[in-house]
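Going down the list, the sequences are from chains A and B.
According to numbering that gives the first Met the number 0, the first sequence holds residues 0 to 287 in order.
According to numbering that gives the first Met the number 0, the second sequence holds residues 0 to 284 in order.
For each residue, glycine too, the CB sits at the ideal point set by N, CA and C.
The structure under discussion appears below in the form of structure tokens.
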Amino acid sequence: MRIFTFEKAGKATLGLLKNEQEYIDLELAGYAHANNMVDLLSQADWEVKLAEILKNAPASAVASIAGLKYDILIANPSKIICVGLNYADHAKEGGHATPDHPSFFIRVNSSQVAHQQPMLVPKQSSERFDYEAELAVIIGKTARHLTADNALDCVAGYSCYNDGSVRDFQRKGTQWTLGKNFDKTGSFGPWLVTKDELPAGGDGLKIQARLNGQVLQDGNTADFLFSVSQVLVILSEVMTLEPGDVIITGTPAGVGYARKPPIFMKEGDVCEIEIEKIGILSNPIANA
Amino acid sequence: MRFVRFKTPDGHPALGARVGDEVINLTKLGLPGTLDELLRLGAAGMASAKAALEKATTRLPLSSVQLMAPLHHPHKAFAIGLNYVDHAHEGNFTPPTQPVLFHRYPTSWVAHGVAIERPKASIEFDYEGEIVAIIGKGGKYISKENALDHVAGYSLFNDGSIRDFQFRSSQWMWGKNFDRSGGFGPEFITADELPLGVVGLDITTRLNGQVMQKANTRDMIFDVATLVVACSEGMELHPGDMIITGTPAGVGFARKPPVFMKAGDVCEVEVEGMGILSNPVIDEA
Chain A
0 MRIFTFEKAG KATLGLLKNE QEYIDLELAG YAHANNMVDL LSQADWEVKL
50 AEILKNAPAS AVASIAGLKY DILIANPSKI ICVGLNYADH AKEGGHATPD
100 HPSFFIRVNS SQVAHQQPML VPKQSSERFD YEAELAVIIG KTARHLTADN
150 ALDCVAGYSC YNDGSVRDFQ RKGTQWTLGK NFDKTGSFGP WLVTKDELPA
200 GGDGLKIQAR LNGQVLQDGN TADFLFSVSQ VLVILSEVMT LEPGDVIITG
250 TPAGVGYARK PPIFMKEGDV CEIEIEKIGI LSNPIANA
Chain B
0 MRFVRFKTPD GHPALGARVG DEVINLTKLG LPGTLDELLR LGAAGMASAK
50 AALEKATTRL PLSSVQLMAP LHHPHKAFAI GLNYVDHAHE GNFTPPTQPV
100 LFHRYPTSWV AHGVAIERPK ASIEFDYEGE IVAIIGKGGK YISKENALDH
150 VAGYSLFNDG SIRDFQFRSS QWMWGKNFDR SGGFGPEFIT ADELPLGVVG
200 LDITTRLNGQ VMQKANTRDM IFDVATLVVA CSEGMELHPG DMIITGTPAG
250 VGFARKPPVF MKAGDVCEVE VEGMGILSNP VIDEA
């Protein structure tokens, strides 16, 4: 199943893709948790209920996806945790050694936009705004102290993320937080693809970033240094993972700042992140 | 004013004003139930709180209420690394030329009096006494001249850190976000009760009564106004956002031999005029 958030009369509403052209408005289908993805994922029976709705939704709840205004897939997760340097080729291009441990940083909710909304080039950094194609893991069950055997049980599904980065601010100090959290610099969506539709752990999926159609990153999640399962084990040793939490799994080689000459995003560009079997997350770039 | 968030003797969360060793339940008098809601009301909210306090006829003994952390759902809770020269040096870091930011999630802190937890994963559980600045008026691209107008007040923070995890990679987030590893409180103090920018206050951390950190906030590399400017440059700040301002020298991992917190210990952070944040230490269940 593919679940997304869209804007209806100024209000966030959840939709379920019915086929390539149509979706089911979960509110019109009478589902009680149809306005907030964290709320939906917190329901123990959401998968069963959505499967029923997919089968039996009345025609009055079905509409064309043409003209949909997407909203941020999950607007208020309790955590958005990013894995740094999770592909050997990307670690190398940035001058980093292949790490023994993953590195983690966070994004705050206000740093994101929805599919098709503009990602904003900060005023203070008009020439250092970079893309990063990443697989996002979305948590569906409260979890702590996971093991390799059960780690993937807490995953609800996967999506695409553009971990937009303001490079000069990222490198101002030892911690990357500042350069990863400028308002509206990252993008998340277009939809959550439930894990039953994908290989376990999102493994072996082609992942690309394209800027104005030109392929700039072309990797495969099979090349993760730390698999989704390993990352979940490591993170849940530290903290309780909760429904709606988002884990962004790192980017492959080809980012703009490491290119010779460097390539950065500017107003008028369109950046697309495509992950096999998930879809395309597309954003125009605009000045803040 | 000094605000506490607490559970009433019958278990209801509320916002209160502390006066001496008594608490006035402001929520019962029609004020919001949380500090961030009150801060969103701006000057009008503060005026209503003051008016309610003056009219109040019932007071609870402070000892009868269970304190909660002043804030539970900030949009952002940034912490500043290496903001005292001596602390940067003791960890073999070069003192930074720009504020260094990391972030703590609310699940990583507990209230005054509540136990902080040494995780199963590590014995390297360290204390860090700090002051937290809390934003009252939101804004972006805030200028240094106006920066302190955006700070509603302050509280204390123990930026509890799991050192081996913190230093496993270049990014500290990992060791700074263990569940219930930090302390926050006991109360929120409005800025007018403290020196401008909390400059010139003695800050002390004690472990089982022994002084481990002792410094003065005038030695911060980046003062509160500079930190507000640096955060608001990239991100719009909102009422209730937190900036945890960094710790001085004397942390446990840099001592010879190192000192870490363990079950049965009590860690206290004290700042002149701001009270004491005290937390017992337990092992993760």
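Under 9 Å Cβ-Cβ, which residues of chain A neighbour residue i?
i	result
T244 of chain B	Those do not exist, as T244 of chain B stays about 15 Å from chain A at its closest Cβ, beyond 9 Å.
T106 of chain B	S77, K78, M238, T239 and E241
S168 of chain B	G83, L84, P98, D99, H100, P101, S102 and F103
G80 of chain B	G172, T173 and Q174
V99 of chain B	K171, G172, T173, Q174, T176 and L177
P95 of chain B	K171, G172 and T173
H71 of chain B	What H71 of chain B touches in chain A: nothing, since even the nearest Cβ is about 11 Å away.
Under 8 Å Cβ-Cβ, which residues of chain B neighbour residue i?
i	result
I246 of chain A	Those within 8 Å of I246 of chain A in chain B number zero; the least Cβ separation is about 13 Å.
Q123 of chain A	E232 and G233
Where does the unbroken beta strand (DSSP E) through residue i begin, and where does it stop?
i	result
S107 of chain B	No beta strand (DSSP E) holds S107 of chain B; DSSP gives it neither H nor E.
D24 of chain A	E21 to D24
K205 of chain A	K205 to L210
T225 of chain B	Counting along the chain, T225 of chain B falls outside any beta strand (DSSP E), though it belongs to the alpha helix (DSSP H) covering V223 to G233.
I105 of chain A	S102 to I105
Q65 of chain B	Q65 to M67
S59 of chain A	S59 of chain A -> no beta strand (DSSP E), and no H or E assigned at all.
D282 of chain B	G274 to D282
G44 of chain B	Unbroken run through G44 of chain B is the alpha helix (DSSP H), G41 to K54; no beta strand (DSSP E).
V112 of chain A	Q111 to A113
For the alpha helix (DSSP H) containing residue i, list its first residue and its last residue.
i	result
E236 of chain A	V227 to V237
V37 of chain A	M36 to L40
I52 of chain A	W45 to N55
K168 of chain A	The sequence as given places Phe at residue 168 of chain A; Lys does not occur at that position. Note, F168 of chain A: alpha helix (DSSP H), R166 to Q169.
A151 of chain B	Run containing A151 of chain B: none in the alpha helix (DSSP H); it sits in the beta strand (DSSP E), V150 to N157.
K288 of chain A	Residue coverage of chain A in this structure runs from 0 to 287, which leaves residue 288 of chain A outside it and unanswerable.
Count the other CB atoms within 10 Å of the CB of residue i; is the residue buried (16 or more) or exposed (fewer)?
i	result
S235 of chain A	buried
F124 of chain B	buried
E131 of chain A	buried
V210 of chain B	exposed
N319 of chain B	Here chain B has residues from 0 to 284 only, and residue 319 of chain B is not among them.
Q20 of chain A	exposed
A195 of chain B	Checking the sequence, you will find Leu at residue 195 of chain B rather than Ala. The residue is exposed, with fewer than 16 neighbouring Cβ atoms inside 10 Å.
Y140 of chain B	exposed
K122 of chain A	exposed
A56 of chain A	buried
H102 of chain B	buried
N286 of chain A	exposed
A224 of chain B	buried
S142 of chain B	exposed
V150 of chain B	buried
E267 of chain B	buried
P251 of chain A	buried
V214 of chain A	exposed
G251 of chain B	buried
R217 of chain B	exposed
V112 of chain A	buried
What residues of chain A sit near residue i, judged by a beta carbon separation below 7 Å?
i	result
H88 of chain B	Per Cβ cutoff of 7 Å: no residues; H88 of chain B is ~15 Å from chain A at best.
A120 of chain B	E236
K75 of chain B	V107
Could you tell me which chain B residues have their CB closer than 9 Å to the CB of residue i, listed as they occur along the chain?
i	result
K48 of chain A	The premise fails here: K48 of chain A is roughly 28 Å from chain B at the closest Cβ pair, so nothing lies under 9 Å.
Which bits of chain A does residue i rub up against, with CB to CB less than 8 Å?
i	result
A146 of chain B	Simply none; closest approach about 17 Å.
M5 of chain B	Just to set this straight, residue 5 of chain B is Phe in the shown sequence, not Met. What F5 of chain B touches in chain A: nothing, since even the nearest Cβ is about 23 Å away.
P238 of chain B	Ordered by position in chain A, no residue passes the 8 Å Cβ test against P238 of chain B, which lies about 14 Å from the chain.
F164 of chain B	V237
Subject >> Inter-stretch contact (C-beta, 8 Å, three-pair minimum) for the region 90 to 108 of chain A and the region 80 to 96 of chain B >> reply: Contact annotation: the region 90 to 108 of chain A does not touch the region 80 to 96 of chain B, with fewer than three C-beta pairs closer than 8 Å.
**OP:** Give, in chain order, every residue of the region 170 to 184 of chain B whose Cβ lies closer than 7 Å to some Cβ of chain A.
**Re:** Q170, W171, M172, W173, N176, F177 and D178
Original post:
Does the count of Cβ pairs from the region 206 to 219 of chain B and the region 251 to 262 of chain B closer than 8 Å reach three?
Top reply: yes
Original post:
Any residues in the region 152 to 168 of chain A with a beta carbon nearer than 9 Å to a beta carbon of chain B? Which ones, in chain order?
Top reply: V165 and F168
Original post:
For the region 173 to 197 of chain A, which residues have a beta carbon sitting closer than 9 Å to at least one beta carbon of chain B?
Top reply: T173, Q174, W175, T176, L177, G178, N180, F181, D182 and T184
Original post:
Relative to chain B, which residues along the region 100 to 112 of chain A have a C-beta separation below 8 Å, given in chain order?
Top reply: H100, P101, S102, F103, F104, I105, V107, N108, S109 and S110
Subject >> Cβ contact (3+ pairs, closer than 8 Å) linking the region 174 to 191 of chain B and the region 106 to 118 of chain B >> reply: yes
Original post:
Quick check: the region 159 to 167 of chain B against the region 61 to 75 of chain A, are there 3 or more CB pairs under 8 Å?
Top reply: No, the region 159 to 167 of chain B is not in contact with the region 61 to 75 of chain A.
Subject >> Proximal residues, the region 126 to 156 of chain B versus chain A, C-beta separation under 7 Å >> reply: none
**OP:** Report yes or no: do three or more beta-carbon pairs, one from the region 20 to 37 of chain B and one from the region 52 to 72 of chain B, lie closer than 8 Å?
**Re:** Touching, yes, given that three or more Cβ pairs across the two stretches are closer than 8 Å.
Original post:
When the Cβ atoms of the region 264 to 283 of chain A are set against those of the region 203 to 217 of chain A, are three or more pairs found closer than 8 Å?
Top reply: Segments in contact, yes.
Original post:
Would you call the region 132 to 143 of chain A and the region 95 to 115 of chain A touching, i.e. three or more CB-CB distances under 8 Å?
Top reply: no
**OP:** State whether the region 24 to 38 of chain B contacts the region 62 to 80 of chain B, with contact taken as three or more CB pairs (one from each stretch) at a distance under 8 Å.
**Re:** Contact between the region 24 to 38 of chain B and the region 62 to 80 of chain B is present, because at least three Cβ pairs lie under 8 Å.
Subject >> Meets three-Cβ-pair contact criterion under 8 Å: the region 197 to 205 of chain A and the region 168 to 178 of chain A >> reply: no
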